[in-house]
Amino acid sequence: MKRRGMLLLAALALPGCIRAPEIVMVDRATALEEQASGSFKDVERRLARAGMSPTPVPFTPNQLEELGIQPTPLVENLGRTQADRVDELLRRHCVGEGKDGLLVNTRRQCQAGRMTADDVALVERVNQARLHLWQWMRTVRPDVTEEAVRQSWQQVHAKGVICGGWVEADDGTWGEKKC
């Protein structure tokens, strides 16, 4: 039996070398396969960045009110003029149209808030502008007295005062303008 095994081994070894078939392993896909399958590196990178960077949580106005936060108004008062601010002060009775044609500070009767330093400066500017206007009107008509210029201007101006504005009557009492 030993002899038979040796003969068999010799018979197989004589025709040549026995070797395994060549196997080639490719660990990368071809360029066409990469294009067809798509690359998700950019998407994964953006997703990772979005997960790491904090962003505000959107709330509805109702949710903000439930939390006790007043939402910002949809229309802001950016276009308010000085005349609009004076009208608001007149309506709140913080200032009044005096019978002499100047604005008078009536803080004691002020309703809904108080006057700010900007409001006080605005009243001073308006009064200065009125004084300059009356001086100019006197240069146009030098034969008219300063008192007559003021009275005629005040009568015309009083018609345009906002309804409910604080106005001084001829007897010196204060009251709201009736419309």
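Mapping to full-length UniProt numbering: the sequence shown position 127 is 127, numbers consecutive. The beta-carbon is built from N, C-alpha and C at its ideal position, and this holds for glycine as well.
Report the rounded CA-to-CA distance for residue i versus residue j, giving the unit in angstroms.
i	j	result
V144	E176	31 Å
G101	K178	18 Å
A83	Q63	37 Å
D118	L131	20 Å
R46	S37	19 Å
G79	R85	11 Å
T173	M137	29 Å
V156	P56	54 Å
residue 240	E33	The first residue shown for the chain is 1 and the last is 179, placing residue 240 beyond what the model contains.
C94	M52	53 Å
A50	E66	29 Å
residue 187	G160	Absent from the structure is residue 187, since the part of the chain shown begins at 1 and ends at 179.
In terms of alpha-carbon separation, which member of the options lies closest to residue i?
i	options	result
N127	M115, R138, G98	G98
P61	L103, P54, I69	I69
T106	W166, K41, D171, E44	W166
C163	Q109, Q135, L90	L90
L133	M115, Q154, I23, F59	Q154
R125	T116, L103, V140	L103
Tell me whether the beta-carbon of residue i lies closer than 8 Å to the beta-carbon of residue j.
i	j	result
E147	G96	no
A112	R92	yes
Could you name each continuous beta strand (DSSP E) segment of 3 residues or more that falls completely within the region 119-152, going from the start of the chain to the end? DSSP runs (the beta strand (DSSP E)) wholly in the region 119-152: none.
Ignoring anything shorter than 3 residues, give me the beta strand (DSSP E) runs that lie fully in the region 38-97, in order along the chain. Counting whole runs of 3 or more residues, the region 38-97 contains the beta strand (DSSP E) stretches 95-97.
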